[in-house]
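To start, the structure under review is shown below, and the notes come after it.
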Amino acid sequence: MNALGHAHPKLIEALTEQANKVWHVSNLYQVEGQTALAEKLINLTFADTVFFANSGAEALEASIKMARKYHAVSGHPERYELITFEGAFHGRTLATIAAGGQEKYLEGFGPATPGFVQVPLNDLAAVKAAISENTAGFLIEPIQGEGGICEATKDFMRQLRALADEHGLLLVLDEVQCGVGRTGHLYAYQDMGIEPDIMASAKGIGGGFPLGACLATAEAAKGMTPGTHGSTYGGNPLAVAVGGAVIDEVSKPEFLEHVRRVSGRLSQGLSMLADEYPDVIEAVRGRGLMLGLKCVKPNTELQKAFMDKGLLTVAAGDNVVRLLPPLIISEDEAMDAVARIEAVCAELSTKSTAGKEEVSAS
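Each residue of the sequence shown is one higher than the one before, counting from 1050 in the numbering used here.
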């Protein structure tokens, strides 16, 4: 979320300037900052239109509603189901936990909201088999964050786009975690040779300030006429002022090149550790500065050990530890992180333990 770190001067400037003007304007009226940020996003992406929200879950709710409404106004109200993918995480509302389909998030909340069909990630045959007369489209994270930094392959994404076109369906992307420069591209889809119809963006887009956005083509959004959706605080002047400053910084070619360069060094260093300590780290996953360590030992054990070394990480599914540093991280800071991870690996490795035991015995 803190894509530009803490107290970035450009964000402070944008927030302070807006705070001295107006904090809130009803969305019944045109909000100048919304228009400015929407135009930036439209110019930088596939989108023709943008709806602002406060969070990723809200951006996904708008995306889901938009996909259903599109088919309803196109004369096919029976098309309300989205095909989603095992391991996904789309939020914590009733609709988004149903979309994710993970039992640990569904438990205790009664019957799951209907309208979602889960299939395995990167399994094109399963996707084709799941398409029915009720299918509205596909909802997918290009890189699953909570699921364990599991990537949809470029070929799979292209096949989904082709299937959507063939069957008159919508391709809906969840780039809440992997968007806004995280992969070394402004949005992950831009390195996959496809364009979505609808996309949810949040987290990094606000640089730590609550902000979400649902981006869409004019065709996909044609059913979302005034009154069909809304938000009291979505796109409030403070949030869009900060969001505009974030996009100005992150969209710079040299900024994205920096992310890719640092990522290259970080990934290389981590891969070397996986080779050296295969009993601790099984593999390194991800792209850009959205990386994951597939652990041999319990990921919570590594997460705690990393924290003891002053390194904050996030546990994820499939026994993965996520590394999601601010995008402004330097190469030296990345190498410092590798050194701290190496120290933990050395402490946890059975190879190191065996060596200590041999020294003690002698």
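The C-beta atom is built at its ideal place from N, Cα and C for all residues, glycine as well.
If you keep only unbroken beta strand (DSSP E) runs of at least 3 residues inside the stretch 1157–1237, you get 1165–1168, 1184–1189, 1219–1223. It is roughly 13 Å from the alpha-carbon of T1274 to the alpha-carbon of A1116. Linking E1190 to L1220 through their CA atoms gives a straight-line distance of about 11 Å. If you look at T1084, you'll find it in the alpha helix (DSSP H) that goes 1081–1093. Judged by their CB atoms, Q1083 and A1290 are not nearer to each other than the 8 Å cut-off. Taken in chain order, the complete alpha helix (DSSP H) segments of 4 residues or longer contained in the stretch 1348–1383 are 1348–1357. DSSP places I1113 in the helix class (H, G or I) of the three-state scheme. F1101: not part of any alpha helix (DSSP H); member of the beta strand (DSSP E) spanning 1098–1102, first to last residue. D1357 and A1096 have their C-alpha atoms roughly 43 Å apart. Unbroken alpha helix (DSSP H) runs of no fewer than 4 residues, entirely contained in the stretch 1259–1308, are found at 1286–1299, following chain order. The C-alpha of C1394 is placed about 9 Å away from the C-alpha of E1325. Judged by their CB atoms, L1373 and L1338 are nearer to each other than the 8 Å cut-off. A distance below 6 Å between beta-carbons, with the five flanking residues on each side excluded, links C1227 to the following residues of its chain, in chain order: P1191, I1192, A1237, M1339.
By the neighbour-count criterion, in which a residue is buried when 16 or more other Cβ atoms sit within 10 angstroms of its Cβ, R1336 is buried.
In the structure shown, K1070 falls within a coil segment according to DSSP collapsed to helix, strand and coil. The three-state secondary structure of M1321, taken from DSSP, is helix. For L1340, DSSP records a beta bridge to G1335, L1372. For I1247, no alpha helix (DSSP H) encloses it; the enclosing beta strand (DSSP E) starts and ends at 1247–1250. A residue is called buried when at least 16 other Cβ atoms come within 10 angstroms of its Cβ; P1126 does not meet this threshold and is exposed. Residue environment analysis places Y1078 among the exposed positions, since fewer than 16 neighbouring C-beta atoms fall within 10 angstroms of its C-beta. Going by C-alpha positions, T1202 is about 15 Å away from P1245. The Cβ atoms of G1293 and K1070 do not sit closer than 8 Å to each other. Note that the C-beta distance between A1383 and R1309 is not below 8 Å. Between A1108 and A1213, the C-beta spacing is not below 8 Å.
In terms of Cβ geometry, L1131 and I1113 form a close pair [threshold 8 Å]. Residue pairing by DSSP puts E1130 in a beta bridge opposite T1184.
The Cβ atoms of A1364 and G1341 lie no closer than 8 Å to each other. Fewer than three beta-carbon pairs drawn from the stretch 1160–1169 and the stretch 1100–1107 are found closer than 8 Å, and the two stretches are therefore not classed as touching.
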